[in-house]
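The block underneath contains the structure these notes are about, expressed in structure tokens.
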Amino acid sequence: MYSRQPGASVPDPSQLYAWRRKALSSGAVAPLKEGPSKPEKSTRFEAVDSSVVEIVVGDVVVGAGSDIDPDHLARILRAVRKA
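Residue numbers (the working numbering): 278 to 360.
Written out as structure tokens, the structure is:
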């Protein structure tokens, strides 16, 4: 039951943990004994400046900052298309 459904309350989803404890203590479900075979590795990514957009026109890449005037960008793109 979702907490957004009529008659449901926010604590209803937390019942999953109570059901899990009951299932484990009754023996209906066996606890997981084996962990992951090898530790998970994650790659760290550096944040990039998201205020720059790159527009590809043919084989030309035009980079523009978020503060560029839209009319100026339109003139640049028209010039690139004509070149």
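Don't be surprised by glycine CBs; every beta carbon is placed ideally from N, CA and C. The model shown is predicted, which means the values in this text are computed figures rather than measured ones.
Going by Cα to Cα distance, which pick from V338, V330 and S343 is closest to R358?
Working through the sequence shown from its first residue, we reach residue 358 at position 81. When each option's Cα is compared against that of R358, the closest is V338.
Spatial neighbours of L350 within its chain, please: CB distance less than 6 Å, with the 5 preceding and 5 following residues excluded, ordered by chain position.
Residue mapping note: residue 350 aligns to position 73 of the sequence shown, counting from 1. Only A341 meet the Cβ criterion.
Hey, could you find the ends of the beta strand (DSSP E) A341 is sitting in?
Numbered from its first residue, the sequence shown carries residue 341 at position 64. A341 -> beta strand (DSSP E) spans V337 to G342.
Inter-residue spacing [alpha-carbon to alpha-carbon] between D336 and G284
Walking along the sequence shown from the start, residue 336 turns up at place 59. Walking along the sequence shown from the start, residue 284 turns up at place 7. If I take the Cα positions, the gap works out to 59 Å.
From the DSSP secondary-structure annotation, give me the bridge partner or partners of V329.
As a working note, residue 329 is residue 52 in the sequence shown. According to DSSP, V329 bridges with G342.
Taking the alpha-carbon positions, what's the A239 to E317 distance?
As displayed, the chain neither begins before 278 nor continues past 360, which places residue 239 out of reach and without an answer.
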